[in-house]
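J.: Using UniProt numbering, you'd call the opening residue of the sequence shown number 1 and step up by one each time. Please see the structure below; I have some questions.
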Amino acid sequence: MQFALTEDQIAVRDMAREFAAEKIAPFAQKWDEEKFFPVDVMREAAALGMGGIYIRDDVGGSALTRFDAALIFEALATGCPTVSSFISIHNMASWMIDAYGSDTQRQKWLPRLCTMELIASYALTEPGAGSDAAALSTRAVRDGDHYVLNGQKQFISGAGTSDIYVAMVRTGGEGARGVSTLVIDRDTPGVSFGANERKMGWNAQPTRAVIFENARVPVANRLGEEGIGFKVAMAGLDGGRLNIAACSLGGAQSALDKSLAYTKERRAFGQRLDEFQALQFRLADMATELEAARTFLWRAAAALDRSTIRGA
Numbered sequence: 001m002q003f004a005l006t007e008d009q010i011a012v013r014d015m016a017r018e019f020a021a022e023k024i025a026p027f028a029q030k031w032d033e034e035k036f037f038p039v040d041v042m043r044e045a046a047a048l049g050m051g052g053i054y055i056r057d058d059v060g061g062s063a064l065t066r067f068d069a070a071l072i073f074e075a076l077a078t079g080c081p082t083v084s085s086f087i088s089i090h091n092m093a094s095w096m097i098d099a100y101g102s103d104t105q106r107q108k109w110l111p112r113l114c115t116m117e118l119i120a121s122y123a124l125t126e127p128g129a130g131s132d133a134a135a136l137s138t139r140a141v142r143d144g145d146h147y148v149l150n151g152q153k154q155f156i157s158g159a160g161t162s163d164i165y166v167a168m169v170r171t172g173g174e175g176a177r178g179v180s181t182l183v184i185d186r187d188t189p190g191v192s193f194g195a196n197e198r199k200m201g202w203n204a205q206p207t208r209a210v211i212f213e214n215a216r217v218p219v220a221n222r223l224g225e226e227g228i229g230f231k232v233a234m235a236g237l238d239g240g241r242l243n244i245a246a247c248s249l250g251g252a253q254s255a256l257d258k259s260l261a262y263t264k265e266r267r268a269f270g271q272r273l274d275e276f277q278a279l280q281f282r283l284a285d286m287a288t289e290l291e292a293a294r295t296f297l298w299r300a301a302a303a304l305d306r307s308t309i310r311g312a
């Protein structure tokens, strides 16, 4: 399979790359050191269409493809993978509302999500349910027009700052068929947040637990029918994983670019580092691995675009 980017795709990629170079890269180290979450900068990205990349345009989305999204997130990540990855999570959570929400729900949330006036987080992982997502235990018990939630989500990006949480909860029996998806407002009584996790990096976005203690969430906030929450969660991750791969690729490309630039400046034993053949071989191997990873990513994104199941 061969990929030739269209003029529009090149323009979108270059726009994201220029934004990363001007608005993100110069501040990324400081944000990480100070654990600063640059919401205002992300809203500037949203003003360029990056808050709802593959959200339908009737609610303010850009209606682009998953392939386009891979180009954008890789480009943003050359400035800071942490910031790019959170924008990707926001897009994924927003897409779940776009794909599975009613017209009323879409009109309620998506116009403000696309501008990032509202920030969205994805809440699936629990202390006892990570890769085995169908084992989640956060319980939502129906009480009239509300669900009463008790439980905890773990390692949630944006927690405490994000306005809404697209959360998978157990409304039925054990296993995947007992899971439903609710959109939960941050200010709901009974919703609280744990301390920001201590991390080796990734500090320009908060990572906290989301705790539910008899939190009452309207039934009207459920996406789709009861029991399809696991399907909704996995559909989101089908594309969300590609987004994170793109962010990783952008960070790695930036590291390689900086390494190449350094070898042209640093001198040792009477010559520049880039004149040493052993280093040339190592750098060439790195570039080859990145290009191979990019090809895999583009193939996967193109396959998702061709599929009948939309992924985030």
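Where a beta carbon is used, it is the ideal one built from N, C-alpha and C, also for glycine.
Can you pull the DSSP bridge partners for F193?
T.: V210
J.: Alpha carbon to alpha carbon, how far is R106 from C114? Give it in angstroms, no decimals.
T.: 11 Å
J.: Determine the direct distance from the alpha carbon of Q277 to that of L223, and round the result to whole angstroms.
T.: 58 Å
J.: First and last residue of the beta strand (DSSP E) that includes S137?
T.: Where S137 is concerned, there is no enclosing beta strand (DSSP E), given that its DSSP letter is neither H nor E.
J.: State the Cα-Cα distance for the pair S248 and D257, rounded to the nearest angstrom.
T.: 14 Å
J.: So if DSSP puts M168 in a beta bridge, which residue, or which two residues, is it bridged to?
T.: T181
J.: So the candidates are E34, D163, A252 and G250; which of them puts its Cα closest to the Cα of V191?
T.: D163
J.: Alpha carbon to alpha carbon, how far is E74 from F19? Give it in angstroms, no decimals.
T.: 12 Å
J.: For the beta strand (DSSP E) holding K153, just list the boundary residues, first then last.
T.: Counting along the chain, the beta strand (DSSP E) containing K153 begins and ends at H146 to S157.
J.: Comparing C-alpha positions only, which one of R142, K264 and M234 sits nearest to V219?
T.: R142
J.: For P81, does the three-state DSSP call read helix, strand or coil?
T.: helix
J.: Nearest CA to the CA of Y122: which residue from Q271, L182, L64 and R177?
T.: L182
J.: Using the three-state DSSP reduction, which class does P218 fall into: helix, strand or coil?
T.: strand
J.: Could you check what DSSP says for E291 in three-state terms: helix, strand or coil?
T.: E291: helix per DSSP, three-state reduction.
J.: Just mark A129 as buried or exposed, buried being the case when its beta carbon has 16 or more other beta carbons within 10 Å.
T.: buried
J.: Can you tell me which of the three DSSP states S259 falls into?
T.: helix
J.: Please identify the residue among L136, G144, S62 and A195 whose C-alpha is closest to the C-alpha of G158.
T.: A195
J.: Identify, in the order they occur along the chain, each residue of the same chain with its Cβ nearer than 6 Å to the Cβ of residue 315, setting aside the five sequence neighbours on each side.
T.: Summary: the structure shown does not reach residue 315, with the chain confined to residues 1 through 312, and so no result is reported for it.
J.: What does a CB cutoff of less than 7 Å around G201 pick up in its chain, not counting 5 residues either side in sequence?
T.: D32
J.: If we ignore side chains and look at the alpha-carbon of each, how far apart do A287 and A293 end up?
T.: Near 10 Å, if we compare the C-alpha coordinates of A293 and A287.
J.: If we ignore side chains and look at the alpha-carbon of each, how far apart do residue 327 and Q29 end up?
T.: With the chain represented from 1 up to 312, any question about residue 327 goes unanswered, as that position is not in the structure.
J.: For K23, count neighbouring Cβ atoms within 10 angstroms of its own Cβ and tell me buried if that reaches 16, exposed if not.
T.: buried
J.: Leaving out the 5 sequence neighbours to the left and right, which residues in its chain are closer than 6 Å to T188 when beta-carbon positions are compared?
T.: A215
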